[in-house]
Amino acid sequence: MTEVQIATVSQQVLRSIEFLHERRVIHRWYPILDCFRGMLNLIALRFQMIPNFFPVIARQAYDTRADIWSFGIMLIEMVEGEPPFFNEQPFQAMKRIRDEPAPKFSSNANVSPELAHMLSRCLVKDSEQRASATELLQHPFIKKAIHPSCICSLIQHH
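Just add 1 to wherever you are in the sequence shown, counting from 1, and you've got our numbering.
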C-alpha cells in the first residue's frame, strides 16, 4: 500500500473508532482484512490484543485506548503485509509483545517520519500516554488522506 492509501484507510478507521468511543464503546480488534473483506482474521487477533489481552486475563481495567494499540498493529500490517511476530507461536508472540518494547516498523520498511511518529503515538505500553482517535485524526500523517475511492482497487483485490 502507498502512504496515501494507508492515510486514507487510517482516516476512515480512526473516524469509526472516534464514533464508537464517543458512545463509550470499545472494539479492541481491527484486523486489516476486516477493513477490506468484512471477515474476521483470527490469526491477527493474537497480535492485536496485546497489551490489551493480559489486563483482561488479570481482570484489570482497560479503556478506549486499547483500540489505538490495535490500530497501531494494523498500521504495521498495512506497511509490512503482516503484524509483528507473525511467524511466532501465539503464546510466544503474546509474551514478546508483553515483555519487549513496543513493536516498530522493521528497519527495511520505507516509511515517512510522519507515519513512524504516528505509530509511536499508537504503540505506547502505558495507555495513559497513548494518543486518542481524536488526537490521531489531527496528526500530520492523516493530512495525506484523499477521497476513499483511492482504496477501491485494494478492496476489489482482496
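All C-beta atoms in this analysis are idealised placements derived from N, C-alpha and C, irrespective of residue type, glycine included.
Given the structure is predicted, the values throughout are model-derived calculations rather than measurements.
{"query": "Where GLN130 sits in the DSSP three-state scheme", "result": "helix"}
{"query": "Environment of ARG25 [buried if 16+ CB atoms lie within 10 Å]", "result": "exposed"}
{"query": "Run of the alpha helix (DSSP H) containing SER121, from where it starts to where it stops", "result": "114–123"}
{"query": "Whether LEU120 touches PHE142 by CB criterion (7 Å)", "result": "no"}
{"query": "C-beta contact flag for VAL5 and LYS145 at 7 Å", "result": "yes"}
{"query": "Cβ distance (whole Å) where SER17 is taken to contact ILE69 below 8 Å", "result": "Wrong, their Cβ atoms sit about 13 Å apart, outside the cutoff."}
{"query": "Own chain partners of SER107 with C-beta closer than 8 Å, once the 5 adjacent residues on each side are dropped", "result": "GLU81"}
{"query": "Alpha carbon of PRO84 to alpha carbon of ARG97, nearest angstrom", "result": "13 Å"}
{"query": "Candidates ASN88, ALA103 and GLU89, of which the one nearest SER71 by Cα", "result": "ALA103"}
{"query": "Beta-carbon gap between MET161 and MET2 smaller than 7 Å", "result": "Because the chain in this structure spans residues 2 to 159, residue 161 falls outside the shown range and cannot be described."}
{"query": "Contact check, ARG131 vs ARG66, beta carbons under 7 Å", "result": "yes"}
{"query": "Coil, strand or helix - MET2 by DSSP", "result": "coil"}
{"query": "Own chain residues within Cβ distance below 7 Å of ILE147, not counting five before or after", "result": "VAL5 and THR9"}
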